[in-house]
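Before any comments, here is the structure.
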Amino acid sequence: MNIKEIQEELIDEFSMFDDWMERYEYMIELGKSLPLISEEQKSDDKLIKGCQSKVWLHAELNNDTISFTADSDAIITKGIIAILLRVFSNQKPEVILNANTDFIDEIGLKEHLSPTRANGLVSMIKQLKLYALAFQTQLNK
Amino acid sequence: MNIKEIQEELIDEFSMFDDWMERYEYMIELGKSLPLISEEQKSDDKLIKGCQSKVWLHAELNNDTISFTADSDAIITKGIIAILLRVFSNQKPEVILNANTDFIDEIGLKEHLSPTRANGLVSMIKQLKLYALAFQTQLNK
Amino acid sequence: MFDINIIRKDFPILNREVNGKPLVYLDNAATSQKPQIVIDSIVDYYSTYNANIHRGVHTLSQEATDVFEIARKKVQKHFNIKESKEVILTSGTTHSINIVANGYAEILQKGDEVIVSAMEHHSNIVPWQMLCERTGAVLKVIPMNSEGELILSEYEKLLSEKTKLVFVNHVSNALGTINPIEIIIEKAHEVNAAVLVDGAQACSHIKVDVQKIDVDYYVTSAHKMCGPTGVGMLYGKKELLNELQPYQGGGEMIKEVTFEKTTYADLPHKFEAGTPNISGGIAFGVAIDYLNEIGFDEIANYENELIAYATQQLLEIEGLKIYGTSQYKTSVISFNIEGIHPYDIGTIVDKLGIAVRTGHHCAQPIMEFYKIPGTVRASFSFYNTKEEVDVLVNAVKKAKMMLQ
Amino acid sequence: MFDINIIRKDFPILNREVNGKPLVYLDNAATSQKPQIVIDSIVDYYSTYNANIHRGVHTLSQEATDVFEIARKKVQKHFNIKESKEVILTSGTTHSINIVANGYAEILQKGDEVIVSAMEHHSNIVPWQMLCERTGAVLKVIPMNSEGELILSEYEKLLSEKTKLVFVNHVSNALGTINPIEIIIEKAHEVNAAVLVDGAQACSHIKVDVQKIDVDYYVTSAHKMCGPTGVGMLYGKKELLNELQPYQGGGEMIKEVTFEKTTYADLPHKFEAGTPNISGGIAFGVAIDYLNEIGFDEIANYENELIAYATQQLLEIEGLKIYGTSQYKTSVISFNIEGIHPYDIGTIVDKLGIAVRTGHHCAQPIMEFYKIPGTVRASFSFYNTKEEVDVLVNAVKKAKMMLQ
Ligand SMILES: Cc1ncc(COP(=O)(O)O)c(C=O)c1O
Ligand SMILES: Cc1ncc(COP(=O)(O)O)c(C=O)c1O
Chain A
928 MNIKEIQEEL IDEFSMFDDW MERYEYMIEL GKSLPLISEE QKSDDKLIKG CQSKVWLHAE
988 LNNDTISFTA DSDAIITKGI IAILLRVFSN QKPEVILNAN TDFIDEIGLK EHLSPTRANG
1048 LVSMIKQLKL YALAFQTQLN K
Chain B
928 MNIKEIQEEL IDEFSMFDDW MERYEYMIEL GKSLPLISEE QKSDDKLIKG CQSKVWLHAE
988 LNNDTISFTA DSDAIITKGI IAILLRVFSN QKPEVILNAN TDFIDEIGLK EHLSPTRANG
1048 LVSMIKQLKL YALAFQTQLN K
Chain C
245 MFDINIIRKD FPILNREVNG KPLVYLDNAA TSQKPQIVID SIVDYYSTYN ANIHRGVHTL
305 SQEATDVFEI ARKKVQKHFN IKESKEVILT SGTTHSINIV ANGYAEILQK GDEVIVSAME
365 HHSNIVPWQM LCERTGAVLK VIPMNSEGEL ILSEYEKLLS EKTKLVFVNH VSNALGTINP
425 IEIIIEKAHE VNAAVLVDGA QACSHIKVDV QKIDVDYYVT SAHKMCGPTG VGMLYGKKEL
485 LNELQPYQGG GEMIKEVTFE KTTYADLPHK FEAGTPNISG GIAFGVAIDY LNEIGFDEIA
545 NYENELIAYA TQQLLEIEGL KIYGTSQYKT SVISFNIEGI HPYDIGTIVD KLGIAVRTGH
605 HCAQPIMEFY KIPGTVRASF SFYNTKEEVD VLVNAVKKAK MMLQ
Chain D
245 MFDINIIRKD FPILNREVNG KPLVYLDNAA TSQKPQIVID SIVDYYSTYN ANIHRGVHTL
305 SQEATDVFEI ARKKVQKHFN IKESKEVILT SGTTHSINIV ANGYAEILQK GDEVIVSAME
365 HHSNIVPWQM LCERTGAVLK VIPMNSEGEL ILSEYEKLLS EKTKLVFVNH VSNALGTINP
425 IEIIIEKAHE VNAAVLVDGA QACSHIKVDV QKIDVDYYVT SAHKMCGPTG VGMLYGKKEL
485 LNELQPYQGG GEMIKEVTFE KTTYADLPHK FEAGTPNISG GIAFGVAIDY LNEIGFDEIA
545 NYENELIAYA TQQLLEIEGL KIYGTSQYKT SVISFNIEGI HPYDIGTIVD KLGIAVRTGH
605 HCAQPIMEFY KIPGTVRASF SFYNTKEEVD VLVNAVKKAK MMLQ
C-alpha cells in the first residue's frame, strides 16, 4: 500500500465509529500495539520538545525507506504516534516530505492538530519530516 | 472678616456669573492682582510639586497670623492661588488648619479639586496647612 | 446571602458548552472567570472616558485618572494597606516579584542568604535565582513533608544573621496548601529579614490584612481574582520600597530628566514606568468590589464544603492519589491515578466538557519531590457546584476505565 | 473608500460630550480611541473563552492560546517580521525598551558607547541611563536643529568602533518629526552597532516593514494603535534576542527549573514571563486588522491633509509658534502663544470640549532645548475632521483673548 492508501484505510477504519469515545478507545488500542523504541534509545536527544507527555522518536534507514520507532509515557499520545507511524514508517524520504496530514482532521482528531497543542503532534510531524530530510540528503550524496 | 466670612464673600461674588467663562475671567483678574512673592524668594525650595505650572509659595509669621505670598507662571493657577490666599492669608495657624475647602466647589471650581489634577491645587492647600502646622508648633513652644 | 444560582448568572461564560457538554470550569487556579460587571467596566472605560492618565489637563484624562486612582484606593482598602502610595499597580504577580528581586540587586552582598520554599511557583523562584547570580547571594530552600507542608523546624535552622529575604507563597498553586505565613514572617523578622509573600493563589479565597500579618511585600494578580489579565499588585512597606532601585525606566517614573542626570519620582510612580494597563487597573478595582460584596467568609465557607465533598468523592476512586493533604488547604485538588498519565486524564475529561489543568503547574520542584511527571489539578471557585463535582468524578471514572 | 462619517461611527466615545460640548479628541499621541470591534473582542474573550494560555490541555485554554497566537501572527505580518518567534508581546513600549536595555547589561563593557537622539521620550532615555550606570557605558546625544530635526552630520561624528547601540524614535511624540531611520540604521550598521527604533508614535500613521529597513529592534504600544492599554510589541532579530539575557523571571519563560539550575525557554517565551495580557494581545491583533482594513495609505493621505489645514489655520493666530517644523512630520502640532502658559490654554480649550495635552510630553530635554516650560500639543488621528480643527482654532483664539 502506498501512503495515500494507508491514509484512506485509516479514514475508513475511523469512520465506523459513532462518537469520540469509540474513536479514542480505538486510538488507545492502536497505541498499545505501537512498535516500541528500545529502552536504551530513550535518550534525551530522542525526546521531542513541546509535549506535556514525553515522546521519544527514533529513525533508521533500511535501504531507501525510513523505519520509525517511538514511545510515550501517555497512552493517548502513544495512540497518535501509532497512527502517524502507520502512515509514515517504511516510506521513502521524499514521500514523507511530500505527504500532507489532512487525514488527521478527517479521522476526527483535528483538535490535536493545533500548533499550540501541548501534545506536540505538530512537533512530532515536524520531527518525522526533519528525519526524512536528513536521510534524503544522505541518500542523494 | 473671619475665614468663614471671606469664603461666603467669595461664593457671593462668583454666584453673579452665569457661565464658566465669566468665572474664569474673574479668576484671571484676581490672579493679576496677586500679592507677588519677591523674585529672590522664587527659589526651588519654595516650589510646590505636582503642578504642571510652577507655583512658589512663601509664608511669614506676623505676630500670631501667617501671611502668604505666592506666584505662578500660569495665569489660571495664579487666579486659584489668589483665591486661596484671600482665604488663608493673615489667619491664625489653627484657623488655617481647621478650615475646610468646600467653598472651592461652591464657587464652581470643583474640577480643580481632584487630588490627581495637574494644577496642584490640592498640593497647594496641603502646603498651606503644612506651613500653618509648622508655625503653630513654633508658637506653642 | 450566598445564592449560587444568582452568582452563576453573573458569569456569562458559564452558559457555554464545550464539546457538546455544559462547561465545567475547574481551572480556577490558572485564571478565574469574570463577572459581567467587570467586563462592563472595561467596555465603559473604552466607550466613554478612555484617555491616558496622570498629567493630562483635559476632562477625559482627569476622569480616567480619578477612576484609576480610585481603583488603587480599593486595592489599598481591601488589603488594609496603610497608604495608597504603597500600592504599586503592576502587570501581574510575576512582574511584581521581579520588581522586588531587581530592587535588591544593589542591596544584597555576596554571601548574603535568601530563603525560598520548596513549593513555589516558578515566578517566585527564577527571579531570585537571577538575583543570586547577579549578587553572589545564596539561595536556601525550606523543605516540605509528604503532605505538602513546609517543615518549620528546618526553616528556623536556615535563618541566621545572613538571611536578608524570605519569599514564600501564601497558598501553593500545585498543592493547595495554605502556608503559615504569620509564623514565617515573625521568625524572619527576628533576624531582620524581609518577607515577600506571593498571594497569587490566596487572594481569591482569603482576605489578607497586610498590616496585621506585618508582611513586608505582598503580591498578587487580578486575573485570579475575577479581574482582567495584565494587571496585578505589589504591596511593599514604604520604607522598604523607598530603598529599592527602580525596575523599569520610562515615563511617569521620573521627576526630572536631563541627559546628564535623572531623578526618580516618589512612590508609587517610581515603579510604574510607562502607560499602565488603565482599563485593567480600573476593572481590578471593580473585581475587588464584587468579591467583597459576596463576602470572603461566605466564599470560604462555600468553597470549603465544596472541596471537602470533592475530596471525599474523588478518593473513592481506586488508585487515585491526592498530592497536598495538609489540613490547611484551599480549593485545589491535585491528583493522579496509578498507572495513568495526567495528560491522558485531562484529555478525556475535556471531551466531557471539563476544564482541569494537567502538568507541572509551573512548580517543577514539587513534581520532582514526588517523583511524578505532573498531576491533574481541579481547582474550585465559589461559582462551582456540587453537581459539577459529580460531573468531574464521573468523568474521571470514565477516563480511568478507558485508559487502564 | 475612506469615509470619515462611517469611520467615526466605529468609535463609541466620539458621541460623548465634554463640558456640554461635543468631545473633540486631539490627544491621540497620548493614546488613541478604540473602535467598537476592538472593544467587542475583549468582551467576547471574557464572555466565551477566557482561560490561561499555553500548556493547557482543555478546550478553553486551547482556544485562547490559538487566538492569542493568531494575534502574534497578525503583528508579525503587519510589520513584515520574518518569524513569529521574533515577536515578543510585552506590556507596552516602555516594557519593550527595558527588556532590550536590561539584555545589554551583560554585553556592554565599560567605555562602550551608546547613542540616543535629542528628541526622545523619557521611556527611550531612562532605561539607557540605567544601563550606562550599570555597565559604565557612555551615553552620547545626537543634537537637533531648531526645526526639530536631527543633525545627521553630527550623528556620523558620534559613530565609532566603540558604538554598540543607537536608539531613536521613529516619530517624535513632542514634535511630530519623522526621523530618517533608514539612514540612521545604515550608518550604525557600518560600525556594527545595533539600532532600536521606538515606534510608539509612528505605528498609527506609518506601516513599518522591519526587514526592509533592516532595523534590529522595533518597539511599539497597542494603545496608540486603536488597541487596548497594557500590551505592546518588541520585535528583535532572532540572533540578537537569543544573545540577550532574560528580563523577567517566572512561569512560561523557562525550560526547566530546579533549585540548582534553571534553563530558559526559546523565543518568544524567554521574554514573556508570567501570565500575559491575554485579552490585550487578542485585541491588539483586532486593532491591527482594523487599521489595515482602512488602509495606511488612506490614513496618511487623510491625516496629512488635516494637519496641513490645522497648521495653516493655527499659524494665522498672532503670536502662535509651532515647535517641530520639519517637512517630514506626522499628526502632531506642538505650539505656544507668546506670553501665555500652555497649561492655561489647555484648561480653557478643555472647557470648550477639546482634549489637547499640555506640558513636557515626557520629553523634558526638548523643552530645555527650546527653553520653554512645555507646549500645547494637538495630535490628530484619521477619525478627526476639519470641523474639529475649526473648533480647536476658535477655542485657541478665545483662550488667547481671555488670557492675554
Ligand atoms: C515616542 C514614544 N516613546 C515611548 C512612549 C511610551 O509608551 P508607553 O507609555 O505606551 O510605554 C511614548 C508614549 O507616550 C511615545 O510617544
Ligand atoms: C502561586 C503563584 N505564584 C505566581 C503566579 C504567577 O502569576 P502570573 O502568571 O499572573 O504572573 C501564579 C500563577 O499561576 C501562582 O499560582
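Residue numbers (my numbering), protein chains in the order written: chain A, 928 to 1068; chain B, 928 to 1068; chain C, 245 to 648; chain D, 245 to 648.
We treat Cβ as the ideally placed atom computed from N, Cα and C, and that holds for glycine.
Report yes or no: is there a C-beta of chain B within less than 8 Å of the C-beta of residue i?
i: Val301(C); result: yes
i: Gln320(C); result: no
i: Gln608(C); result: no
i: Leu636(D); result: no
i: Gln306(C); result: yes
Establish whether the CB of residue i and some CB of chain C are separated by less than 8 Å.
i: Ser965(B); result: no
i: Asp1000(A); result: yes
i: Trp947(A); result: yes
i: Glu952(A); result: yes
i: Asp594(D); result: yes
i: Ile1003(A); result: yes
Using a Cβ-Cβ cutoff of less than 8 Å, which residues in the same chain neighbour residue i once the five nearest sequence positions on both sides are dropped?
i: Gln1065(A); result: Leu988
i: Ile566(D); result: Thr555, Leu558, Leu559, Ile577, Ser578, Phe579
On the CB-based measure, 16 or more other CB atoms within 10 Å of its CB, does residue i come out buried or exposed?
i: Thr619(D); result: buried
i: Thr464(C); result: buried
i: Asn417(D); result: buried
i: Leu1057(A); result: exposed
i: Gln1018(A); result: buried
i: Asn1027(A); result: exposed
i: Ser285(C); result: buried
i: Asn423(D); result: buried
i: Gly264(C); result: exposed
i: Leu394(D); result: buried
i: Tyr572(D); result: exposed
i: Pro520(D); result: buried
Where does residue i sit, in a helix, a strand or coil, going by DSSP?
i: Glu261(C); result: strand
i: Gln1018(B); result: strand
i: Glu582(C); result: coil
i: Thr464(C); result: strand
i: Arg299(D); result: coil
Could you check how far apart the C-beta atoms of residue i and residue j are, in whole angstroms? I think they sit under 8 Å.
i: Gly524(C); j: Val475(C); result: 3 Å
i: Val262(C); j: Thr303(D); result: 5 Å
i: Glu632(D); j: Val268(D); result: 5 Å
i: Gly480(C); j: Glu330(C); result: 6 Å
i: Phe312(D); j: Val385(C); result: Their Cβ separation, rounded to whole angstroms, is 34 Å, which puts Phe312(D) and Val385(C) out of contact at 8 Å.
i: Val459(C); j: Val435(C); result: Their Cβ separation, rounded to whole angstroms, is 16 Å, which puts Val459(C) and Val435(C) out of contact at 8 Å.
i: Ala295(C); j: Asp533(D); result: Actually they do not touch by this definition, with Cβ atoms about 24 Å apart.
i: Gln277(D); j: Ile257(D); result: 5 Å
How about residue i: is its C-beta nearer than 8 Å to some C-beta of chain D?
i: Gly471(C); result: no
i: Ile616(C); result: no
i: Gly420(C); result: no
Is there a Cβ from chain A that is less than 8 Å from the Cβ of residue i?
i: Leu270(C); result: no
Enumerate in chain order the residues of its own chain whose CB-to-CB distance from residue i is below 7 Å, with the five nearest sequence positions on each side excluded.
i: Ala527(D); result: Val282, Ser285, Ile286, Gly471, Pro472
Within its chain, find whatever has a CB closer than 6 Å to the CB of residue i; leave out the 5 residues flanking it on each side and keep chain order.
i: Lys318(D); result: Gly529, Ile532
i: His322(C); result: Ile532
i: Lys644(C); result: Ile581
Query raised in the report: In chain order, what residues of the stretch 374-398 of chain D put their CB closer than 8 Å to some CB of chain G?
Result: Annotation note: the requested chain G is absent from the structure, which comprises protein chains A, B, C and D.
Requested in this report: Mind listing which residues have their beta carbon within less than 5 Å of any non-hydrogen atom of ligand 3? Chain order is fine.
Outcome: Because ligand 3 does not appear in the structure shown, any question about it cannot be addressed here, the ligands present being ligand 1 and ligand 2.
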